[in-house]
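Step one of this worksheet: look at the structure below.
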Amino acid sequence: MHGRNRYADVQGSACGRTGRPAHTLSVCLALAAAMFASPGSAQFTGRVSVVDGDSLDMSGVQIRIFGIDAPESAQTCRAGGRRWRCGAQASRALTRRIAGRAVACVSKDRDRYGRIVAVCRAGRVDLGAWMVANGWALAYRRHSKAYTHEERAARNERRGVWRGRFMAPWEWRRVQRRAAAGKRAAGCRIKGNIGARGARIYHVPGGRSYDRTRINTARGERWFCTESEARRAGWRRARR
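Following numbering that gives the first Met the number 0, the numbering of the sequence shown begins with 0 at its first residue and continues without gaps.
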């Protein structure tokens with residue numbers, strides 16, 4: 000009975016109970032089934048929004064693209080002696096490639112955050128392969144070597160992040176986690192949150208959303224000691 004209730008909860012979320020546009024019943028059922036299916040056994044198709052360069056949202060269900068790791072939303076890279084927002088650019092590249100079309104995915108696994116890990120295609124294009132081949136993501140060798148050929152080609156052609164210097168996304172997240180631990184130890188309490196569309200908003204103690212806001216440093220979210228520090232980093236204060 001407990002498992003059946005969890006299935007119903009996921010099905011309700013997939014069908015737009017979170018306020019997102021409702022999908023057809025078949026898509027809702029496929030998404031809910033994918034949350035509990037064994038790896039490789041669930042297929043689902045639907046419209047998506049891009050969370051970042053390797054993550055999608057399909058009717059409230061989070062999907063992590065298999066075999067790749069893209070720069071995080073807040074991550075910057077360096078080229079021509081200047082810093083540029085490679086994480087934001089990777090997200091935009093993926094959004095343009097999908098161009099509002101339905102995306103077809105086959106589940107492979109679940110990650111530690113509960114997201115479906117899947118191979119996803121827009122038309123005939125493998126989105127993971129396309130992102131790596133164009134230099135907007137790296138082959139995530141820790142989990143798969145599926146896209147190492149595409150990565151070599153992108154590096155040789157100096158595409159995307161390969162046109163300059165950058166930190167591998169997994170290394171960048173490690174640095175962010177260490178920095179966050181230091182901030183917490185120092186008593187810094189301002190929460191720098193990144194919304195689903197990339198909006199960077201900070202919450203101060205006592206704010207309406209402060210208590211329910213969770214900081215995920217793996218996404219580039221962070222702690223701040225002062226509001227001026229948050230503003231300098233590009234965050235804006237929550238309106239409530």
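Every residue, glycine too, gets a C-beta built ideally from N, C-alpha and C. These numbers come from a predicted model, not from an experiment.
Cβ-Cβ separation, residue j to residue i (assumed contact under 8 Å), whole Å
| i | j | result |
| --- | --- | --- |
| VAL118 | VAL105 | 5 Å |
| GLY52 | GLY86 | 7 Å |
| TRP171 | GLN74 | 5 Å |
| SER192 | ARG158 | Sequence inspection shows Asn at residue 192; the Ser mentioned does not correspond to that position. Going by Cβ atoms, the distance from ASN192 to ARG158 rounds to 31 Å, so no, they are not a contact pair. |
| ILE200 | ALA232 | 12 Å between Cβ atoms; not a contact. |
| ILE97 | ALA69 | Actually they do not touch by this definition, with Cβ atoms about 14 Å apart. |
| ILE189 | VAL203 | 6 Å |
| PHE43 | LYS107 | About 13 Å separates the two Cβ atoms, so there is no contact after all. |
| ALA167 | LEU137 | 6 Å |
| VAL102 | VAL47 | 5 Å |
Proximity winner among the options, relative to residue i (alpha-carbon distances)
| i | options | result |
| --- | --- | --- |
| ARG111 | ALA217, ARG221, ARG236, ARG238 | ALA217 |
| ALA78 | ARG211, ALA237, ARG164 | ARG164 |
| ALA92 | MET166, SER72, ARG81, ALA179 | SER72 |
| ARG81 | ILE189, ARG162, THR212 | ARG162 |
| VAL60 | VAL116, VAL160, GLU150 | VAL116 |
| GLY45 | GLY66, ARG100, ASP125, GLY206 | ARG100 |
Burial state of residue i (16 or more Cβ within 10 Å)
| i | result |
| --- | --- |
| GLU156 | exposed |
| ASP210 | exposed |
| SER208 | exposed |
| GLU226 | exposed |
| ARG221 | buried |
| ALA178 | exposed |
| CYS224 | exposed |
| ARG230 | exposed |
DSSP bridge partner residues for residue i (one or two, in chain order)
| i | result |
| --- | --- |
| ARG81 | ALA78 |
| HIS202 | LYS190 |
| VAL102 | GLY45 |
| ALA69 | Bridge partners of ALA69: none, in fact. |
| ARG221 | GLY191 |
| ARG154 | For ARG154, which the question treats as bridged, DSSP gives no partner whatsoever. |
| VAL118 | VAL105 |
Residue i, DSSP secondary structure in three states
| i | result |
| --- | --- |
| ILE97 | helix |
| LYS144 | coil |
| ARG236 | strand |
| MET130 | helix |
| SER54 | strand |
| ARG176 | helix |
| ARG91 | helix |
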